[in-house]
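Okay, so the sequence shown: first residue is 1 according to the UniProt record's numbering, each after it adds one. Glycine is no exception: its CB is placed at the ideal position from the N, C-alpha and C atoms.
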Amino acid sequence: MRVAIYTLGCKVNQYETQALETELERRGHTLVPFTGEADAYIINTCTVTAVSDQKSRQTIRQARKRAPRAVVAVCGCYAQTAPEAVRALEVDLVMGTGERMAFLDALEDLARARQAQPLVRVDDALCRRTYERLSAGGLEGRTRAMLKVEDGCVNFCTYCIIPYARGPIRSLPLADAVCEAKRLAGEGYRELVLTGIEISSWGADFRDGSALIDLVEALCAAAPECRVRLGSLEPRTVTEEFCRRAAALPNLCPHFHLSLQSGCDATLRRMGRKYDCARYYESVKLLRDFFDRPGITTDLIVGFPGETEEEFARTLAFLSRCAFSAMHIFPYSRRSGTPAASMPGQCPNAVKQARARQAAQLAGEMRRAWLERWVGRTLSVLFEEEKDGLWRGHASNYTEVFAPGNELHNVICDVEITGVREDGLLGRLR
Numbered sequence: 001m002r003v004a005i006y007t008l009g010c011k012v013n014q015y016e017t018q019a020l021e022t023e024l025e026r027r028g029h030t031l032v033p034f035t036g037e038a039d040a041y042i043i044n045t046c047t048v049t050a051v052s053d054q055k056s057r058q059t060i061r062q063a064r065k066r067a068p069r070a071v072v073a074v075c076g077c078y079a080q081t082a083p084e085a086v087r088a089l090e091v092d093l094v095m096g097t098g099e100r101m102a103f104l105d106a107l108e109d110l111a112r113a114r115q116a117q118p119l120v121r122v123d124d125a126l127c128r129r130t131y132e133r134l135s136a137g138g139l140e141g142r143t144r145a146m147l148k149v150e151d152g153c154v155n156f157c158t159y160c161i162i163p164y165a166r167g168p169i170r171s172l173p174l175a176d177a178v179c180e181a182k183r184l185a186g187e188g189y190r191e192l193v194l195t196g197i198e199i200s201s202w203g204a205d206f207r208d209g210s211a212l213i214d215l216v217e218a219l220c221a222a223a224p225e226c227r228v229r230l231g232s233l234e235p236r237t238v239t240e241e242f243c244r245r246a247a248a249l250p251n252l253c254p255h256f257h258l259s260l261q262s263g264c265d266a267t268l269r270r271m272g273r274k275y276d277c278a279r280y281y282e283s284v285k286l287l288r289d290f291f292d293r294p295g296i297t298t299d300l301i302v303g304f305p306g307e308t309e310e311e312f313a314r315t316l317a318f319l320s321r322c323a324f325s326a327m328h329i330f331p332y333s334r335r336s337g338t339p340a341a342s343m344p345g346q347c348p349n350a351v352k353q354a355r356a357r358q359a360a361q362l363a364g365e366m367r368r369a370w371l372e373r374w375v376g377r378t379l380s381v382l383f384e385e386e387k388d389g390l391w392r393g394h395a396s397n398y399t400e401v402f403a404p405g406n407e408l409h410n411v412i413c414d415v416e417i418t419g420v421r422e423d424g425l426l427g428r429l430r
């Protein structure tokens, strides 16, 4: 059977799609481009924002229009939280964010039987207690591999629907994670990216004191020839002990993505975040105390319900104080079923867009300052592909670097930085 897959959303979705692809090939199926003709189309959906929902629906409609007789199967977060809305789009199979192998079993059964009745099988994600083990591949063609170590979240931020789509915390056991890291290193990957819905919570479900830093130490030791990069962190994860132990790991990338969402304490309280700006800045300072010029990136939501001009101004001032190397900026998206959706003081779209532009301008200025500080210095770069006559890769601090060279794919080199480009740094091999 020819199967085409389209993925929306985060690295967890990308990882799970790769696991589906691996299993489909193991079962003897052929993967084909989503834009072409296929016997079955799989859409792995996202629901983090209203725009994500819209893109998911558009992609489903495109697949059905392209091949009216093909099996169209939908999984992922939007399918989990809105199965009936997905079913109404004339799909054949709807499942959510669990039971990926059962999803493929049902897909094969439908393809064989060509059943007229759609199959909708979505569980209650909040009742899940077991981690679903999946094996996936990598990014940039055997250079970077994702290693999913956790699923679920119990933070229940007032704006977020994801806990309802993913359920409570379930962690990949440490021994299994170590085995997976060794496997990926043995297949030739040079970097492992730890991913999950909320990796800071890894081990909480074991109830034995296990913490993320324990996992990181074990994985760095298990794959010493690989760089290990952390996914998004809850700021309270970054303590003095965490930094002391992390800084002792030679293959841990000095890049830390600390979700902020707002630089105003009043807004953070309405969001249901578990820290204030003082605690967040403590994490930033600790990282800079223990690591030499670490890359610190973040997420920001603008136009949250009740956010005043004064609160937004406080956020901009706090962003400047933190001096991030890069930022992801999102206008607040109203999510049905979350407390924030019914809060007073909903900001008009024009206000949200204007604030997003202001934040983006500041983010661009901080990004430029970050890039310029590396001119004349040396960075360790994992090269991934050749682009416009230069090899492109990522430094350990996650800055994109371009340099001339020959056959640098999957090679880690020291690069002397000679200049700044709009999309990263320019350098030469040392």
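Alpha carbon of residue i to alpha carbon of residue j, nearest angstrom
{"i": "threonine 236", "j": "tyrosine 41", "result": "Reading off the sequence, residue 236 comes out as arginine, not threonine. Their backbone Cα atoms lie some 41 Å apart in a straight line."}
{"i": "glutamate 310", "j": "arginine 355", "result": "12 Å"}
{"i": "glutamate 198", "j": "threonine 97", "result": "15 Å"}
{"i": "alanine 82", "j": "cysteine 46", "result": "11 Å"}
{"i": "aspartate 176", "j": "threonine 308", "result": "47 Å"}
{"i": "proline 224", "j": "glutamate 217", "result": "10 Å"}
{"i": "valine 72", "j": "glycine 186", "result": "36 Å"}
{"i": "leucine 93", "j": "phenylalanine 156", "result": "29 Å"}
{"i": "residue 437", "j": "glutamine 80", "result": "In this structure the chain extends from 1 to 430, so residue 437 is not present and cannot be described."}
{"i": "aspartate 208", "j": "leucine 192", "result": "26 Å"}
{"i": "cysteine 153", "j": "isoleucine 161", "result": "10 Å"}
{"i": "cysteine 220", "j": "valine 228", "result": "6 Å"}
CB-CB length for residue i against residue j, believed under 8 Å
{"i": "threonine 298", "j": "serine 262", "result": "Contact flag wrong, Cβ pair sits at about 11 Å."}
{"i": "alanine 125", "j": "arginine 87", "result": "Their Cβ separation, rounded to whole angstroms, is 17 Å, which puts alanine 125 and arginine 87 out of contact at 8 Å."}
{"i": "histidine 257", "j": "glycine 231", "result": "7 Å"}
{"i": "proline 33", "j": "alanine 63", "result": "With 8 Å as the limit, proline 33 and alanine 63 do not qualify as a contact, their Cβ atoms being about 12 Å apart."}
{"i": "valine 149", "j": "leucine 184", "result": "That pair is no contact at about 12 Å."}
{"i": "tyrosine 15", "j": "methionine 101", "result": "At roughly 15 Å, the Cβ-Cβ gap does not stay under 8 Å, so tyrosine 15 and methionine 101 are not in contact."}
{"i": "valine 51", "j": "isoleucine 60", "result": "Valine 51 to isoleucine 60, Cβ: 15 Å. No contact."}
{"i": "isoleucine 412", "j": "arginine 190", "result": "6 Å"}
{"i": "leucine 119", "j": "alanine 106", "result": "6 Å"}
{"i": "alanine 278", "j": "methionine 327", "result": "The pair is not a contact, with the Cβ atoms about 20 Å apart (cut-off 8 Å)."}
{"i": "tyrosine 78", "j": "aspartate 53", "result": "6 Å"}
Residue span of the alpha helix (DSSP H) that contains residue i, given as start and end
{"i": "glutamate 365", "result": "349-372"}
{"i": "glutamate 108", "result": "100-113"}
{"i": "valine 216", "result": "212-222"}
{"i": "valine 284", "result": "277-290"}
{"i": "threonine 308", "result": "Counting along the chain, threonine 308 falls outside any alpha helix (DSSP H), and DSSP gives it neither H nor E."}
{"i": "arginine 245", "result": "240-247"}
Residue i (DSSP reduced to helix, strand or coil)
{"i": "asparagine 13", "result": "helix"}
{"i": "tyrosine 6", "result": "strand"}
{"i": "cysteine 253", "result": "coil"}
{"i": "valine 74", "result": "strand"}
{"i": "isoleucine 161", "result": "coil"}
{"i": "leucine 89", "result": "coil"}
{"i": "glutamine 80", "result": "helix"}
{"i": "glutamine 261", "result": "strand"}
{"i": "valine 420", "result": "strand"}
{"i": "leucine 172", "result": "coil"}
{"i": "isoleucine 199", "result": "helix"}
{"i": "valine 411", "result": "coil"}
{"i": "leucine 425", "result": "strand"}
{"i": "aspartate 299", "result": "strand"}
{"i": "methionine 271", "result": "helix"}
Residue i, buried or exposed, once every other Cβ within 10 Å from all chains shown has been counted against 16
{"i": "proline 331", "result": "buried"}
{"i": "proline 68", "result": "exposed"}
{"i": "residue 504", "result": "In this structure the chain extends from 1 to 430, so residue 504 is not present and cannot be described."}
{"i": "cysteine 127", "result": "exposed"}
{"i": "phenylalanine 206", "result": "exposed"}
{"i": "glutamate 90", "result": "exposed"}
{"i": "proline 250", "result": "exposed"}
{"i": "glutamate 407", "result": "exposed"}
{"i": "alanine 403", "result": "buried"}
{"i": "glutamine 18", "result": "buried"}
{"i": "arginine 144", "result": "buried"}
{"i": "proline 294", "result": "buried"}
{"i": "lysine 387", "result": "exposed"}
{"i": "glycine 203", "result": "buried"}
{"i": "threonine 7", "result": "buried"}
{"i": "threonine 35", "result": "exposed"}
Element boundaries [beta strand (DSSP E), containing residue i]
{"i": "proline 331", "result": "326-331"}
{"i": "tyrosine 41", "result": "40-45"}
{"i": "glutamate 386", "result": "378-387"}
{"i": "glycine 167", "result": "Run containing glycine 167: none; DSSP gives neither H nor E here."}
{"i": "alanine 145", "result": "144-151"}
{"i": "residue 433", "result": "Since the first residue of the chain shown is 1 and the last is 430, residue 433 is not available in this structure."}
{"i": "alanine 403", "result": "400-403"}
{"i": "alanine 395", "result": "390-395"}
{"i": "valine 51", "result": "From DSSP, valine 51 is part of no beta strand (DSSP E) but of the alpha helix (DSSP H) over 50-66."}
{"i": "arginine 227", "result": "227-230"}
{"i": "arginine 121", "result": "119-121"}
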